[in-house]
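Numbers in my numbering are just positions in the first sequence, counted from 1, shifted up by 52. Even for Gly, the Cβ is constructed at its ideal location relative to N, Cα and C. The structure presented is a predicted model; accordingly, all values stated were derived computationally and were not measured. In what follows, a structure is listed as structure tokens, so that the remarks can point back to it.
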Amino acid sequence: MQEKYSFSEIEPKWQKKWIEEKAYKAEEHSDKPKFYALAMFPYPSGNLHIGHVRNYSIVDVIARFKRMQGFNVLHPIGWDSFGLPAENAAIKHQTPPAEWTWKNIANMKRQLQEMGISYDWDREVATCHPDYYKFTQWMFLEFYKHGLVYKKKAAVNWCPSCATVLANEQVVDGACERCDTPVTKKDLEQWFFKITDYAQVLLDDLDKLPGWPEKVKTMQRNWIGRSEGTEVDFKVENHTDKIRVYTTRVDTIFGVSYVVLAPEHPLVKELVAGTQYEQEAQTFIDKMKGLNEIARTSSETEKEGLFTGAYCINPYSGKKVPIWIANYVLLEYGTGAVMGVPAHDERDFEFATKYQLSIRRVIRPEEMPVEAKDEPVKEADHGKGLMVNSGEYDGLANMAAWEKMSDQAEREGFGQRKVNFRLRDWLISRQRYWGAPIPMVYCEQCGIVPVPQDQLPVLLPDDVVFKAGENPLATSDSFKETTCPKCGGKAHRETDTMDTFMCSSWYYLRYTDPRNNTLPFSKEAVDHWMNVDQYVGGVEHAILHLLYSRFFTKALRDFGYLKIDEPFENLLTQGMVCLDGTKMSKSKGNVVSPEEIIGKYGADTARLFILFAAPPERDLEWSDQGVEGCFRFLNRVWRLVGQFVESAQQSTGNAAQVFGELDSAAKKMRRQTHLTIQKVTTDIGTRSNFNTAVSSIMELVNALYLYKEQATAKIEVEREALESIILLLAPFAPHITEELWGELGNRESIHKQSWPQVDEAALVQDEVTVVLQVNGKLRERIQVPAEISAKELEQQVRNLPKLQEWTQGKEIVKVVIVPGKLVNLVVK
RNA sequence: GCCGAUGUGGCGGAACUGGCAGACGCACGGGACUUAAAAUCCCGCGGGCCCUAAAGCCCGUACCGGUUCGAUUCCGGUCAUCGGCACCA
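Printed below as a string of structure tokens:
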């Protein structure tokens, strides 16, 4: 055995062997229970960054652990390889996006292999490969068949820098999530996925996910944004039209001072046509259109409105109320019209105060005297209370009135209860080249015609021109011009591609059957492997990818392709990797290169540090010295094995017999070995606390160093401890443990060994330390037989010579005993 | 504003079900080995009190209060930091 731990020789040697032997291939037919471990697949930007290393190290520990526990593990990897950076590179370097992308994939694949991650490389997928995007297009058509895809003209989010539209989910603080450019609105005809059909079930089924972080579920709940309310019609005076408003507080409707329409509301133009208000209203509408999302909808923005000159009638009170238009009302939500109740809504209060509209209380808090009901309202009150100034409803509790008033609207036909969601349909069109082409054809005769599924894929053409700000597919005549699949006549193709989130919404299903040429996956494969048992990735996907994937799963279930309701059983959202307290990023220049670290210390050290430095869901502060510490630890393990191998000849070989007659030091050593096995097993398996798993292995190493120096040290006890250390460490540091396992005389790979079992007998103690407290304060530790009764223990404590000192003549009023742990004397 | 999370030594963090606060690692200080350095090994390492030592005592988990024999852990309130949502009617 080499004296020095030489990772640069060991690591490539084993990596090569693992790949050649397909050591981590998932078994097709197996009696073992299955386990599906998955990391969010990377975008092939060119190089692995440290966040990837963290993500993949975590999943690899889980995969290797489960394998050793006897599971048939599916641990695949692939590439989320469509997207804008490839196209930007194409413009910048004049290289085709495909070439740039495949080069990056090759490089990052090499880097992953240098980390020793135990992937089943036979299942690798890349979303930009025609064999993959063929089925992304298949998905589009399948959703289309089931009425979940439609085209509509809408004011959509437009990123001027990326020259494409964006989904609502991709607009962060009014700016493009990719390039930070402020997003503008554009009226375009685009393809939408009807995710809103699934809003309720996407919300409800979050309760079926106990294995997800509360944080992520809350974010999804907020994003879906369910609210229960009532729609009510206000008749417009001298007009045939009605204004339908949506309110969650129909109980306050007797307090309506005005009704407000969104500036884009179609009724606005009608109301002002030919009146003195027309000119001003038009100016107002134009101004609102020119504003971007932030300026228009931020709660910071001052409320601005304009009277239309028209009035409508409150159906409950019969009162006439003025109709306004205002910047704060959104056309897309509810009915695009709102009633203003200044006494009970802060926003309405602010608006009414600004424009001197009336303010009338209709709910009084219980502690407020009835006589005070008409006193001036100083601030909006949205609390509970009793109805006042509300006709026949006066005196009712407002929640009861809410129900009765909704009943009245439904009975008399001027309104109805309504549930609304903030979630909008998912806009999937992109005016870009490097994505899956939308498989649709426009025929002069037949109109919109889907490409038949057996004619897929619609391939991306090579003869496109990349120019900033232009849709490249529109420049390719060979692509654009086609024949109608229905009538054979002249037609042209849709030139938009799909949002790359389409590709990533189903990739976890493809891994179950990655080379299937006729279907995205077979029923047998997907039924066998799904759900993903453990999913790990960054929290930045809490809404986008995770919501879309849940939607896809539910829709495919409803189409009959799946049996499951949810794709990801357990979700772990790992924290960021930081340097000097801030997230590592290229723009800040505070990055650590994984390649450099691996070159200097090896992959095992890099993996070990990143798992040891913090619990996985928390942010991790990078520390070069910390890495050094982990490297020292692996060296310590290396030397431990080296010293053992030299001295191991004396072993008698009959461990069971030796373990039957041990001295107390040996018993202690065995106990720690098995306690460590127990702890590491639960730390990995149920708590996902890899940091404490590593630290307890370190403790075991320290303990073994001390034990083996003792004159009476038993070689069998040493061997058991040492083998346990290496086995427990194997998921974290696969290369060094593979090497050391061989040095201990084993032929078969350590990664094919069974996970060590706890020997309950080794945990039994003859004597335990009991803590003695006086009034909850620690006073003494005493050694007592493990089997001692509470009575005997109390007696022994009462006989302690120092007892007088602690009680100081006071009386012992109570004795609390926790068997095997603690005695607390309560004195007065 | 609403929702969620977090707050423990010089630092990363541990304490799993209310029972020894600070495991493990880093940094730092001292020592051994060495001609020397590196590597390695050993000792110390929250603050204070006590002449020294042994030993012991007091304070201490953001802050204030409560429950309890006993609180980092449970409850109420306050503050701070981070993240998400934010005119959604």
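{"Asked": "Tell me the residue span of the alpha helix (DSSP H) that contains Val578.", "Found": "Lys575 to Trp581"}
{"Asked": "Between which two residues does the alpha helix (DSSP H) carrying Pro265 extend?", "Found": "From DSSP, Pro265 is part of no alpha helix (DSSP H); its letter is neither H nor E."}
{"Asked": "In angstroms with no decimal places, state the Cα-to-Cα distance between Gln67 and Pro262.", "Found": "37 Å"}
{"Asked": "Consult DSSP for Gly103 and reduce its assignment to one of helix, strand or coil.", "Found": "helix"}
{"Asked": "My assumption, with CB atoms under 8 Å, is that Phe192 sits in contact with Val201. Please give the rounded CB distance.", "Found": "7 Å"}
{"Asked": "Determine the DSSP secondary structure at Ile749, reduced to helix, strand or coil.", "Found": "helix"}
{"Asked": "Within 10 angstroms of the Cβ of Lys862, are there 16 or more other Cβ atoms? Answer buried if so, exposed if not.", "Found": "exposed"}
{"Asked": "Taking the Cβ atom as the reference point for each residue, do Asn124 and Lys74 lie within a distance shorter than 7 Å?", "Found": "no"}
{"Asked": "So, helix, strand or coil for Tyr757, using DSSP?", "Found": "helix"}
{"Asked": "Less than 7 Å between the C-beta atoms of Ile595 and Trp190, yes or no?", "Found": "no"}
{"Asked": "Compare the C-alpha of Pro479 against each of Gln825, Asp239, Tyr171 and Met92 and name the closest.", "Found": "Per the sequence shown, the amino acid found at residue 479 is Leu instead of Pro. Ranking Gln825, Asp239, Tyr171 and Met92 by Cα distance to Leu479 puts Asp239 first."}
{"Asked": "Could you name the residues of the same chain whose beta carbon sits closer than 7 Å to that of Lys341, not counting the 5 residues immediately before and after it, in chain order?", "Found": "none"}
{"Asked": "My guess is that Val836 and Val820 are in contact by the Cβ rule of under 8 Å, so how many angstroms apart are they, rounded?", "Found": "6 Å"}
{"Asked": "When the Cα atoms are used, what is the spatial distance from Ile864 to Val826?", "Found": "9 Å"}
{"Asked": "Would you give the residue range spanned by the beta strand (DSSP E) that Lys371 belongs to?", "Found": "Element bounds for Lys371: n/a, residue is neither H nor E."}
{"Asked": "Using DSSP with H/G/I as helix, E/B as strand and the rest coil, what is Arg850?", "Found": "helix"}
{"Asked": "To the nearest angstrom, report how far apart Val113 and Asn741 are at their CA atoms.", "Found": "11 Å"}
{"Asked": "In three-state terms, what does DSSP make of Ala219?", "Found": "coil"}
{"Asked": "Using only alpha-carbon positions, find the residue among Glu266, Trp858, Gln460 and Cys231 that is nearest to Gly135.", "Found": "Cys231"}
{"Asked": "Reducing DSSP to helix, strand and coil, say where Cys180 ends up.", "Found": "coil"}
{"Asked": "Which of the three DSSP states, helix, strand or coil, is assigned to Ala488?", "Found": "coil"}
{"Asked": "From the DSSP output, in three-state form, read off Val644 for me.", "Found": "coil"}
{"Asked": "Could you please give the first and the last residue of the uninterrupted alpha helix (DSSP H) stretch that includes Thr789?", "Found": "Pro786 to Glu795"}
{"Asked": "Less than 6 Å between C-beta atoms, sequence neighbours within five positions excluded: which residues of the same chain meet that for Glu229?", "Found": "Gln222"}
{"Asked": "For the alpha helix (DSSP H) containing Cys682, list its first residue and its last residue.", "Found": "Asp676 to Ser699"}
{"Asked": "Verify the contact flag: Met451, CB atom, against every heavy atom of the ligand ATP, threshold strictly below 6 Å.", "Found": "Looking for the ligand ATP in the displayed structure turns up nothing, as the structure carries no ligands at all."}
{"Asked": "For Asn290, write down the residues that DSSP places opposite it in a beta bridge.", "Found": "According to DSSP, which records beta bridges pairwise, Asn290 is partnered with nothing at all."}
{"Asked": "Within its chain, find whatever has a CB closer than 8 Å to the CB of Glu464; leave out the 5 residues flanking it on each side and keep chain order.", "Found": "Pro367"}
{"Asked": "To the nearest angstrom, how far is the alpha carbon of Val870 from that of Asp811?", "Found": "25 Å"}
{"Asked": "Using 8 Å as the Cβ pair cut-off and three pairs as the minimum, do the stretch 535 to 543 and the stretch 501 to 508 touch?", "Found": "yes"}
{"Asked": "Taking the straight line between their C-alpha atoms, what separation do you get for Tyr613 and Lys237?", "Found": "37 Å"}
{"Asked": "Using the Cα positions of Tyr185 and Asp551, report the straight-line distance between them to the nearest angstrom.", "Found": "12 Å"}
{"Asked": "Within its chain, find whatever has a CB closer than 7 Å to the CB of Pro509; leave out the 5 residues flanking it on each side and keep chain order.", "Found": "Pro182, Tyr185, Lys186 and Gln189"}
{"Asked": "Taking the CB atoms as reference points, tell me whether Ser109 and Ile662 lie closer together than 7 Å.", "Found": "yes"}
{"Asked": "On the criterion of 16 or more Cβ atoms from any shown chain inside 10 Å, does Asn99 qualify as buried, or is it exposed?", "Found": "exposed"}
{"Asked": "Leaving out five residues before and five after Ser133 in sequence, what residues of the same chain have Cβ atoms less than 6 Å from its Cβ?", "Found": "Pro96, Thr153, Ala178, Thr179 and Cys180"}
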